[in-house]
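Undergrad: Structure in C-alpha cells, see below.
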C-alpha cells in the first residue's frame, strides 16, 4: 500500500576529524545497468526531505518509495545511488554507494467471483456453469499465489531488516 516503503542506512567510514560538520546527501535513482532514470519523480523520500550525515552521528537512515513498478519500466530493476551533495558540502573525495537492485512489484487486484449463476443458466450442461467453476478454480489459484507472494515478500523484508555484514559493507561510504 501507500504506507509501505524501503529503508537503507548509510554511514561515513573513517570520519575522524570531521567533528560536527553536516554532510548533505544526494540520491539518484538508477536502473540496474547504472543508467540514470529519466523520471526521478518516481523516487520519493519518506519523512524529512533533507538528508544529512552529522559528524557526531555518521549514520543516516533513509526511508523511500518507488512509485512506478518495474514492469512499467521494461521490467528493469532499480538501484539508489547515494553520495555527498557537492553543491552543499565542503567534503570531497567521498565515494558514493549504490544499493543492490530493487524489483518493484504491484499488488494483484482481488478477483470477485459470483456465488450464484443467473436463473436462466441453471441446467448442468450450461456453459455459464462451467465458466463459473473455472472462475472459482482460478480465484483459488490466484489467492494461493497471493498468499505465497505475501509470504515471500515478508521473508525479503525480514532479510532487509537483518544486518548482513557483506551488504552493510557495500552500503558504507569510502574513506575520506
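Residue numbers (the UniProt record's numbering): 1 to 176.
Ideal placement from N, C-alpha and C gives every residue a C-beta, glycine not left out.
(1) Which residue from 25, 7 and 10 puts its Cα closest to that of residue 92?
(2) Residue 97 by DSSP, collapsed to three states: which one?
(3) State the start and end residues of the unbroken beta strand (DSSP E) segment that holds residue 10.
(4) Could you work out which residue in 38, 82, 105 and 103 is closest to residue 95 when comparing CA atoms only?
(5) When you compare the CB positions of residue 62 and residue 8, do they come within less than 9 Å of one another, or not?
(6) Look at the alpha carbon of residue 90 and the alpha carbon of residue 12, and state the distance between them as a whole number of angstroms.
(7) Might you give, ordered along the chain, the residues of its own chain that have their beta carbon closer than 7 Å to the beta carbon of residue 77, omitting 5 neighbours on each side?
(8) Under a three-way DSSP split, which group does residue 79 fall into?
(9) Alpha carbon to alpha carbon, what distance is there between residue 79 and residue 87?
(10) Taking 9 Å as the cut-off, decide whether the C-beta atoms of residue 43 and residue 5 are in contact.
(11) What's the call for residue 153, buried or exposed, on a 16-neighbour Cβ count within 10 Å?
(12) Please say whether residue 52 and residue 22 have beta carbons closer to each other than 9 Å?
TA: Working from what's here:
(1) Comparing Cα-Cα distances from residue 92 to each of 25, 7 and 10, the minimum goes to 25.
(2) Strand at residue 97.
(3) According to the DSSP assignment, residue 10 belongs to the beta strand (DSSP E) that extends over 6 to 11.
(4) Closest by alpha carbon: 82.
(5) Cβ atoms of residue 62 and residue 8: closer than 9 Å.
(6) Rounded to the nearest whole angstrom, the CA to CA distance from residue 90 to residue 12 is 15 Å.
(7) Excluding positions up to five away in sequence, the list reads 32, 70, 101, 102 and 103.
(8) Here residue 79 carries a strand assignment [DSSP, helix/strand/coil].
(9) If you take the alpha carbons of residue 87 and residue 79, they lie about 22 Å apart.
(10) No, they are not a contact pair.
(11) It counts as exposed.
(12) A contact, by the Cβ cut-off of 9 Å.
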